Structure formats: structure tokens, C-alpha cells
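These notes concern the structure reproduced below.
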Ligand SMILES: Cc1cc2nc3c(=O)[nH]c(=O)nc-3n(C[C@H](O)[C@H](O)[C@H](O)COP(=O)(O)O)c2cc1C
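Residue numbers (the UniProt record's numbering): 1 to 203.
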């Protein structure tokens, strides 16, 4: 997987998706991919952030993480997104990022990107599947190739069995070894398929 470029792009208010994305980036590096670990820009007003101590602390703690630009999507062969649910859909921060991709989309530059998504919610049935479906809907419009982990490895069952993408209960304390293993699997599978597609397209 040496020639595969992986962008792990996340949004997180309180750290759960940051940690999930970090595990995906580490798994990508272990697999030999060239990896970019990128956060989606915060767009919430400071007053709102100040009202939530965990949110404020997380922003301060991740100041040094590079912010995702739309060009990073063009650079990547494979992209793993991680973002929490907001009422069963994506956070507006992620949607704002996607709203800037029109130029690349018009030029067909997002076609055949290999993509996969992860998410978290406060409740075990708080909207994980619909959040990932919302993500994949945009990916389908891009012409990207979505790679769900499905039940392609037994580690998926122990991690809650969401076939659309690894999903966790909110809070870093809930990110156990089962979630970690499933993220490794999802990342490896995404990279493998990206490798096949890249090789095939270059023939
Ligand atoms: C505006 C808003 C809406 C949310 N909606 C839901 C929801 O419908 N169901 C749920 O279980 N959690 C919901 N959550 C909880 C978040 O999904 C949770 O805080 C997130 O998964 C934590 O991820 P993070 O630590 O990466 O920010 C909501 C949170 C916010 C701020």
C-alpha cells in the first residue's frame, strides 16, 4: 500500500472523533500509506464553545492539527472521514467543508476517490447509521467509491456491528480495544481497495 495516499479528515467537538481518526491515521501509516491527518475547521461562534468546557479544551488541545483544505481531497487516493452525529446527520462544519468542493466536483476530480466513514453518538441508537448515510450521499454525488467495512471481518461484531462504518458511543472512555481493532480493519480494507483501483486505473 506504499503508493496509496490516505487523507484522514475529521471533525470533533469533544475528542471522540479526533481519537477515532488518529487510530485510522496510525493504521494507515502501519500499512505503509502516505497519510495526512486533518481536522475540519471549526465554524461555531466562540460564545457557544465557551459554554462547553470539554469543547473549549478540545479545541485548545488540537490547535496544532492541520486544517483540511479542499485540495487535500484532490491529493488523496483514499479518504476516511470521522464526524459525530448531529440529530442523525452531519455537523454543519463538515457540510460547510463539503460546500467548498464544488470546483473540484465540476472538474470531475473527486471521481473514483475511495472513501469510508466513521461516526459517534451519545446513544447507542442515536443516529449513527443515518449520519454515515448522509456522508455517503455526498460521496455518491462526487462519483467516489464508498467502502463500507460491513461484516468483512469478525472484529466488526465486537465493535457494535455497524456495517456502514465503525461507530462509537461518545466519549474517549468508550473507545475500547474493540473499536480500535475495527478502525484498523476499516482502514486496511479502504487502503486495499484504493490500491486495487489506483493500479487498475493506471494500467
Ligand atoms: C447539536 C447536537 C446534536 C446531537 N444530536 C444527537 C442525537 O440526535 N443523538 C445522539 O445520540 N447524540 C447526539 N449528539 C451527541 C454527539 O453526537 C456527541 O456529542 C458526539 O458523538 C461526540 O463526538 P466528539 O467527541 O467527536 O465531538 C448531538 C450533539 C449536538 C451538539
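We put the beta carbon where it would ideally sit given N, CA and C, even for glycine.
Quick caveat: nothing in here was measured; it's all calculated off a predicted structure.
Contiguous beta strand (DSSP E) assignments of at least 3 residues, all confined to the stretch 95 to 145: 114 to 121
Residue range of the unbroken beta strand (DSSP E) whose run includes residue 90: No beta strand (DSSP E) holds residue 90; DSSP gives it neither H nor E.
Return the bridge partner residues of residue 181 from the DSSP annotation. DSSP, once it has assigned bridges, lists no residue as partnering residue 181.
Between residue 84 and ligand 1, is there a pair consisting of the residue's CB and a ligand heavy atom that are separated by less than 7 Å? yes
Taking the C-alpha atoms as reference points, what is the distance between residue 55 and residue 43? 13 Å
Leaving out five residues on either side along the sequence, give the residues of the same chain with a beta carbon under 8 Å from the beta carbon of residue 16. 84, 120, 168, 170, 171, 172, 174 and 175
Using 8 Å as the threshold, is the C-beta distance between residue 129 and residue 164 below it? yes
For ligand 1, I want to know if residue 78 counts as a neighbour, meaning its beta carbon is within less than 7 Å of at least one of the ligand's heavy atoms. no
Does the Cβ of residue 92 lie closer than 7 Å to at least one heavy atom of ligand 1? no
Counting along the chain, where does the alpha helix (DSSP H) carrying residue 51 start and finish? First-last for residue 51: undefined, no H or E at that position.
Whose C-beta lies closer than 6 Å to the C-beta of residue 21 among residues of the same chain, with five residues either side of it excluded? 8, 10 and 82
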